[in-house]
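Here's the structure, in structure tokens; my notes come after.
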């Protein structure tokens, strides 16, 4: 070994030491935000179509958080909202688009479980973190996807809560209708299973098609079985028609119960007319009333998941703040794994309550509450049931 | 499964089937009238139905906001029907003038493609107008029910069934008894000969489009009142199903379209009884396949002579 090789070896070993420090190499790679460029937060929700009022509500919630925050470490934050169509194919297309955008740090979304499930595989491929405000299907957190989190609850909790409410009212003869989606069907199955465990009887388990408007034939089929309760797993556009058409076919003594997809004043209470009085739905506890006041002053009546979206956006931005390293030239380097871990370690006091995540990405200690549509003093609204 | 033979379930299901069947039949008439004369499928017909529904929606919303509907609920619904029919008729006439007439002597594929293009165009126009949200028809009249023992019938269902039958009777009489109706039949039989007999073929074709569109508009308002939710995509599935009904009854045949509509509605309602409800659409399109295989001319259809 001559002297030259010695020096070379020395330099090489020095470099090996220096590399991790100089580029902050993250196991999953880095996101680099160049100086003077905005940090982009993605959002996937249904912005056109039958469930658009839910998706636009989510967008407003996230937008409010982003507007309030303004900037992170000298970089402005902007929200890039995309229409995920509440279904797999458009969600996957958006996932590919946003994950390949170098300025996107993470995403709030997707709105529906059927979209979140395939999209989370894409996000996992690129290791771009996503926090869904509204995808409740149990499967999403049981598949070992490390970058998926949610600020809502999962359907196991929701179905269990609904079933024990039914139990407390001694509703043992139950019919279940679902919309064949990842969300509605799995919720319906969970609910039916819990009812059976409580020695209740599932008289019928029927699927309907999203977008269909005519459910009288299936309700007429269920009617002679005389169920005490019809549980609907799905979204408000169809759920409200099931509730309406129950009255039409003569199922007037049968109770109607549904899920968070039907917790929307516009598409359920207003669209349903008096036929929805007395219907039950499950949803979270009410968010901070001051926040609601601010939100409604800006965007009008809130629907469903805007508080969860507001919290999701805040958690994401706080995690970016924590994981980002400011470079001398003003650019930001954000390690993807560091960002994911920052989200996973969240201890955040949000408007929907304390938020932290369990190792699977589910929110810990989420509580699902039963609401009933009531009419008091000429106003129709969701009233929280004491249960 | 014993409840299938329960007579009350059967009566209820017949009412359900006739209600949706009446709507299918009204839309199917538009397909069949146009096919009878031009031998082309007007695939934008579902969108004419959708525009009619939105026309009625606009009128009713206006009446609710102005308070007119509180004092005159019946009259505002009648006006809504008229507004819808006028909007759809104008649209149907424009469609014929702009999208189909220039292609009348072109190969048969050209007007078909033009129709599909018009359909996509109209959907998107409505999407831009209403911002792609679901709209909800106002409840002007509270739904009432007749209960006879266990059987439960809504006044809305009676109204739709009787209304659609009434419109069909009027149409039938119009085609059979009036001079214009006679001219329509003549043009359907032989366009050149009719034109030699001094019939203004263009005017008759335009009339046909207007009549078909007005019927679709009536169906659109009925759907709005009965199912309450409308959106810019609402014409697609009913359009395809009504097309199925028209083929089922024999496309080009007016009584066939009526029969096909009711038949399809009943088949869907009773299919749900024996099969899981998620197969409702399968029943409709399965029937279409079966008819096309075994009786392509339809239930009442005779073999339609090819255009020479």
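Protein chains in written order, with my numbering: chain P, 1 to 387; chain W, 388 to 695.
Glycine residues also receive a C-beta, built at the ideal position from the N, C-alpha and C atoms.
Only a predicted model underlies this, so the values are computations on that prediction, with no experimental measurement involved.
- Going by DSSP, residue 63 (chain P) is part of the alpha helix (DSSP H) stretching over 52 to 69.
- Counting of Cβ neighbours within 10 angstroms places residue 73 (chain P) among the exposed residues, the total staying below 16.
- According to the DSSP assignment, residue 429 (chain W) belongs to no beta strand (DSSP E), since it is labelled neither H nor E.
- Within the same chain, and ignoring the five residues on either side of residue 84 (chain P) in sequence, the residues whose Cβ sits closer than 7 angstroms to its Cβ are 44, 45, 46, 90, 91, 94, 109, 110, 111 and 115.
- For residue 337 (chain P), no pairing in a beta bridge is given by DSSP.
- Among the CB atoms of chain W, one or more fall inside 7 angstroms of the CB of residue 208 (chain P).
- Of the residues P:33, P:313, P:292 and P:275, the one whose Cα lies closest to the Cα of residue 101 (chain P) is P:33.
- For residue 71 (chain P), the closest C-alpha among the options P:374, P:194 and P:320 is that of P:320.
- Taken in chain order, the members of the stretch 259 to 280 of chain P whose beta-carbon sits within less than 9 angstroms of a beta-carbon on chain W are 266, 267, 270, 271, 272, 273, 274 and 275.
- When secondary structure is reduced to three states using DSSP, residue 107 (chain P) falls in the strand class.
- In this structure, residue 141 (chain P) sits away from residue 308 (chain P), with a CB-CB distance that is not shorter than 7 angstroms.
- Per the coordinates, the alpha-carbon of residue 138 (chain P) lies some 27 angstroms from the alpha-carbon of residue 63 (chain P).
- Of the candidates W:574, W:405, W:617 and W:625, W:574 places its Cα closest to the Cα of residue 585 (chain W).
- Excluding its 5 nearest sequence neighbours in each direction, residue 76 (chain P) has C-beta neighbours in its own chain below 8 angstroms: 38, 39 and 70, listed in chain order.
- Our two residues, residue 341 (chain P) and residue 31 (chain P), have alpha carbons roughly 15 angstroms apart in a direct line.
- Residue 663 (chain W) reaches chain P at 206 and 207, counting residues in chain order whose Cβ is nearer than 8 angstroms.
- Residue 478 (chain W) is not a Cβ neighbour of residue 505 (chain W), given a cutoff of 7 angstroms.
- For residue 403 (chain W), the nearest beta carbon of chain P is closer than 7 angstroms to its own beta carbon.
- Bridge partners of residue 78 (chain P) according to DSSP: P:40.
- Within 9 angstroms of the CB of residue 572 (chain W), no CB atom of chain P is found; the nearest one sits about 34 angstroms away.
- Contacts with chain W at 7 angstroms (Cβ-Cβ) do not include residue 44 (chain P).
- Not one beta carbon of chain P lies nearer than 7 angstroms to the beta carbon of residue 463 (chain W).
- The continuous stretches of beta strand (DSSP E) do not include residue 169 (chain P), and DSSP gives it neither H nor E.
- Within the stretch 327 to 372 of chain P, complete beta strand (DSSP E) segments of at least 3 residues are found at 332 to 335, 348 to 350 and 353 to 355, given in chain order.
- Comparing alpha-carbon positions, the option among W:669, W:635, W:623 and W:687 lying closest to residue 503 (chain W) turns out to be W:623.
- Setting aside the 5 residues that flank it on each side, residue 28 (chain P) is surrounded in the same chain by 127, 335, 336, 337 and 340, each with a C-beta closer than 8 angstroms to its C-beta; the list follows chain order.
- A Cβ of chain P is located within less than 7 angstroms of the beta carbon of residue 659 (chain W).
- In terms of beta-carbon proximity, residue 218 (chain P) lines the interface with chain W, with at least one pair separated by less than 7 angstroms.
- Pairing residue 256 (chain P) with residue 222 (chain P) gives a Cβ-Cβ distance that is not under 7 angstroms.
- Annotation note: the stretch 530 to 592 of chain W contains the following uninterrupted alpha helix (DSSP H) runs of length 4 or greater, listed N- to C-terminal: 542 to 564, 566 to 576 and 578 to 583.
- In the structure shown, residue 524 (chain W) falls within a coil segment according to DSSP collapsed to helix, strand and coil.
- Around the beta carbon of residue 404 (chain W), 16 or more other beta carbons sit within 10 angstroms, so the residue counts as buried.
- Around residue 542 (chain W), no beta-carbon contact reaches into chain P at under 9 angstroms, the shortest distance being about 10 angstroms.
- At the C-beta level, residue 310 (chain P) and residue 65 (chain P) come within 7 angstroms of one another.
- Spanning the alpha carbons of residue 317 (chain P) and residue 25 (chain P) requires a straight line of approximately 21 angstroms.
- Taking 7 angstroms as the CB threshold, residue 87 (chain P) stays off the interface with chain W.
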